[in-house]
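These notes are about the structure you will find just below.
Structure follows, in structure tokens:
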């Protein structure tokens with residue numbers, strides 16, 4: 001085949017891959033190319049653009065295969081039906097019918113179905129939104145809502161499955177104990193349950209160790225046993241009843257019995273609707289059984305939706321049919337005494353519906369001592385006692401086995417995601433099926449603990465129901481959130497769902513949590529919240545493309561667009577800064593300073609002008625520099641740009657940076673301390689960049705650090721940078737030609753501490769407001785004082801004036817002067833004095849008054865268009881030389897950024 005190409009995997013095996021019609025190296029679309037997000041699976045890779053652009057060169061391509069094979073297990077239909085047909089159907093449904101009546105029992109069934117069917121529709125949508133792997137509901141929720149929500153749900157859902165396995169084993173053990181009570185006991189009634197429960201859990205564990213094939217065969221055996229029990233029940237309602245059956249209140253289908261059992265007859269302390277509903281609802285927990293083993297299903301994308309929906313349909317029909325059949329055949333009270341049959345010459349009083357059928361149960365009804373009937377016998381013997389026992393055994397053992405298999409697989413997926421510490425030991429899988437044997441042992445130990453506890457099972461059962469309901473809440477909310485965010489990644493092939501129906505399922509499940517057991521609901525929510533706080537604090541290093549990210553994007557986009565229609569106002573002005581840092585890690589002090597007054601306040605963009613010829617700037621370098629700033633807790637964007645000169649790159653950044661109203665209005669750069677030694681072209685380029693900022697009506701700040709924090713003291717420049725980059729290592733150098741490509745990620749731990757990260761104590765922030773620039777010179781120091789490290793600093797404002805007009809100036813600015821208590825400087829030189837001499841004089845005043853200041857801010861002079869570059873740099877040098885604290889030359893764009901009035 002001319003379109004095929006042989007490739008070699010990591011074991012030396014040859015494999016043919018189809019090539020496209022264009023080139024041999026260009027591959028045709030293949031599903032394996034899109035499996036990068038699956039856990040612990042190496043995807044087959046398509047060639048990169050760089051590879052396609054290169055000249056042809058034959059080379060073998062390494063292909064990694066997934067060697068985890070999947071066994072064909074019984075479809076999720078059978079598994080879900082087995083779990084939904086639990087012991088509640090055999091041991092409690094007839095009693096619930098006697099209490100609530102047929103109508104209200106149907107209401108309970110329909111209420112349960114409205115909750116479960118919405119969750120099933122949600123599961124079907126999520127399961128068909130791509131390939132589903134092992135992990136069940138945890139995998140679905142975590143990949144949609146992120147690890148902060150998915151982690152807690154995965155943990156509590158795994159625990160809930162383990163406890164459910166223990167509870168079903170205890171239910172089986174109690175039935176065995178009751179059977180043994182007719183003949184013999186092992187120790188006593190309590191310890192017999194524990195012994196039988198431990199033996200049962202051990203047997204189920206051995207079946208699980210044998211593999212999914214043996215577990216599947218056991219489930220099929222339990223399903224056959226349940227079908228036999230159902231057939232026996234159906235036949236038992238039709239055949240004529242013997243006198244013994246009639247003495248127990250079983251008379252066959254009678255319209256009088258149906259009408260009598262139609263309405264409720266509440267008895268005892270638990271006789272109300274919600275108490276009965278709380279007992280019945282846990283029977284619906286089995287809808288997630290197919291999802292729990294999604295990694296072992298042959299085709300989970302098809303099997304989960306069809307199997308779960310069909311399981312809900314058939315089990316709903318059975319739960320609707322059973323109250324009608326049993327409510328039409330059995331009266332509520334019966335004595336079980338065959339002598340209570342009414343003889344032909346009986347003339348005494350007779351109470352109860354059974355009188356119409358020739359039986360008098362008046363004595364036991366009046367004394368409330370009836371042992372049989374719907375209201376008294378939990379196992380109505382409509383069929384053979386052995387068939388009922390067979391059904392109870394099959395229901396309890398199948399549920400216990402399903403939960404025992406589900407819990408380790410969910411926990412294994414959680415461990416592999418490394419969200420919580422100290423659980424990685426249990427992630428290891430064994431064999432071709434990747435069986436989590438270590439997680440099986442852990443689940444087995446948990447089950448044994450709760451089998452031996454015994455006395456607290458009612459409390460544990462309440463917690464389990466709430467754990468499952470909490471999972472329903474988040475599964476439904478997952479589908480709702482993914483739908484409303486309109487993420488392109490949300491494209492399920494199952495279309496029979498609606499986002500508002502999903503929200504209804506989430507809210508109804510949340511309400512049911514509190515209606516069933518309010519204290520268990522509170523415990524569940526507290527546990528989830530604490531686990532959520534831990535995950536949020538630790539911030540797991542995973543990226544699953546969750547709907548939370550899509551929602552964040554939608555909100556940011558919506559707010560950015562709406563902000564464009566908002567008119568600017570002076571009260572809302574924020575210094576949105578474009579900072580010429582080069583690679584941010586090479587000028588940490590400049591990054592830290594701007595971050596001090598922009599964090600959570602305004603926009604900050606770190607611009608990097610890359611001028612080296614044919615210099616590439618890969619995305620991984622940008623990502624690493626962003627991570628470096630995040631670790632430094634600096635909220636900033638990083639924008640590299642290729643240009644022939646600093647001025648050209650800065651012009652592009654000034655025009656193109658930002659989005660809508662989120663565009664920079666302030667340019668910040670470092671002072672060119674080596675301006676005397678620079679070439680004329682470099683000096684001209686630097687000064688013209690300043691001129692361009694003024695021409696573009698940008699505010700401008702130039703930071704000068706006389707201490708010269710030099711990161712070459714902390715890094716080996718020969719290993720990290722080129723000669724051009726070595727010149728850029730000084731903080732005070734201008735951002736010329738740097739690149740972070742050569743910087744190793746090992747330096748991520750070498751975060752340099754700068755003066756702006758220190759607590760400034762009670763030092764002064766001195767402002768030399770020489771020229772009225774609109775107020776930016778005052779606004780930036782105010783924003784600094786809002787930060788923790790600068791909060792105790794005292795702001796001092798120095799203004800320039802003369803003795804003749806000071807009274808008039810003081811009168812105009814009386815309120816401002818009183819608030820800041822400025823120090824006045826008197827410059828008595830004539831207007832035609834040499835400007836440079838004024839700068840030197842001002843520098844002397846600054847050094848005398850601001851010897852111990854934390855930072856000095858000085859108004860930046862605006863040069864005339866014909867001012868020589870070297871002359872302007874001499875002015876700036878003269879203004880700020882000799883200072884032992886950071887100096888900021890600052891200038892607004894002559895437009896108001898402060899308002900004096902409440903307007």
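Residue numbers (UniProt numbering): 1 to 903.
For every residue, glycine included, the Cβ atom is placed at its ideal position computed from N, Cα and C.
The model shown is predicted, which means the values in this text are computed figures rather than measured ones.
Just verifying my parser: in three-state terms, what is the DSSP assignment at residue i?
i: residue 475; result: helix
i: residue 770; result: coil
i: residue 681; result: helix
i: residue 596; result: helix
i: residue 888; result: strand
i: residue 196; result: helix
i: residue 674; result: coil
i: residue 737; result: For residue 737, the predicted structure reports a pLDDT of 34, less than 50, and the residue's modelled location is therefore unreliable. A value from the coordinates is still provided. Here residue 737 sits in coil by DSSP.
i: residue 798; result: strand
i: residue 687; result: helix
i: residue 263; result: coil
i: residue 896; result: coil
i: residue 569; result: coil
i: residue 430; result: strand
i: residue 73; result: Reliability of the predicted coordinates at residue 73 is poor, the pLDDT of 43 falling under 50, and the value obtained from them is presented with this limitation in mind. DSSP places residue 73 in coil when its eight states are reduced to three.
i: residue 359; result: strand
i: residue 821; result: Reliability fails at residue 821, whose pLDDT of 38 lies under 50, so the model's placement of it is uncertain and no value is given.
Can you tell me which of the options puts its alpha carbon nearest to the alpha carbon of residue i?
i: residue 209; options: 222, 771, 434; result: 434
i: residue 764; options: 162, 639, 853, 772; result: 853
i: residue 516; options: 565, 238, 468, 275; result: 275
i: residue 466; options: 640, 527, 306, 373; result: 527
i: residue 540; options: 87, 661, 114, 152; result: 152
i: residue 449; options: 165, 693, 149; result: 165
i: residue 594; options: 108, 533, 655, 668; result: 668
i: residue 412; options: 283, 800, 139; result: 139
i: residue 865; options: 608, 691, 797, 840; result: 691
i: residue 546; options: 477, 569, 375, 534; result: 477
What first and last residue would you give for the alpha helix (DSSP H) that runs through residue i?
i: residue 704; result: Note, residue 704: premise wrong, no alpha helix (DSSP H); beta strand (DSSP E) at 699 to 704.
i: residue 329; result: 300 to 329
i: residue 527; result: 518 to 538
i: residue 404; result: 385 to 416
i: residue 883; result: Per DSSP, residue 883 belongs to no alpha helix (DSSP H) and is neither H nor E.
i: residue 363; result: 362 to 367
i: residue 447; result: 437 to 453
i: residue 269; result: Looking at the DSSP string, residue 269 is not in any alpha helix (DSSP H), and its letter there is neither H nor E.
i: residue 353; result: Unbroken run through residue 353: none, as it is neither H nor E.
i: residue 284; result: Where residue 284 is concerned, there is no enclosing alpha helix (DSSP H), given that its DSSP letter is neither H nor E.
Please say whether residue j and residue i have beta carbons closer to each other than 8 angstroms?
i: residue 407; j: residue 462; result: no
i: residue 843; j: residue 882; result: yes
i: residue 273; j: residue 104; result: yes
i: residue 333; j: residue 370; result: yes
i: residue 904; j: residue 121; result: Because the chain in this structure spans residues 1 to 903, residue 904 falls outside the shown range and cannot be described.
i: residue 698; j: residue 654; result: yes
i: residue 89; j: residue 283; result: yes
i: residue 754; j: residue 861; result: no
i: residue 909; j: residue 318; result: As shown, the chain starts at 1 and ends at 903. That puts residue 909 outside it, with no answer to give.
i: residue 118; j: residue 444; result: no
Quick check on the DSSP output: the beta strand (DSSP E) that includes residue i runs from which residue to which?
i: residue 858; result: 855 to 859
i: residue 639; result: 637 to 642
i: residue 239; result: Counting along the chain, residue 239 falls outside any beta strand (DSSP E), and DSSP gives it neither H nor E.
i: residue 579; result: 577 to 580
i: residue 370; result: Looking at the DSSP string, residue 370 is not in any beta strand (DSSP E), and its letter there is neither H nor E.
i: residue 611; result: Looking at the DSSP string, residue 611 is not in any beta strand (DSSP E), and its letter there is neither H nor E.
Decide if the segment 131 to 150 is in contact with the segment 463 to 481; the criterion is three or more beta carbon pairs, one per stretch, under 8 angstroms apart. yes
Contact between the segment 464 to 477 and the segment 215 to 223 is defined here as three or more beta-carbon pairs at a separation below 8 angstroms; is this criterion met? no
Does the segment 163 to 171 come close enough to the segment 396 to 407 that 3 or more CB-CB pairs lie under 8 angstroms? yes
Could you check whether the segment 122 to 131 touches the segment 342 to 356, counting it as contact only if at least three pairs of C-beta atoms, one from each stretch, sit closer than 8 angstroms? no
Please confirm if the segment 299 to 319 is in contact with the segment 551 to 566, defined as three or more CB-CB distances below 8 angstroms between the two stretches. no
Would you call the segment 652 to 670 and the segment 845 to 865 touching, i.e. three or more CB-CB distances under 8 angstroms? no
Three or more C-beta pairs under 8 angstroms: does that hold for the segment 569 to 576 against the segment 185 to 197? no
Count the CB pairs spanning the segment 674 to 687 and the segment 760 to 776 that are closer than 8 angstroms, and state whether there are at least three. no
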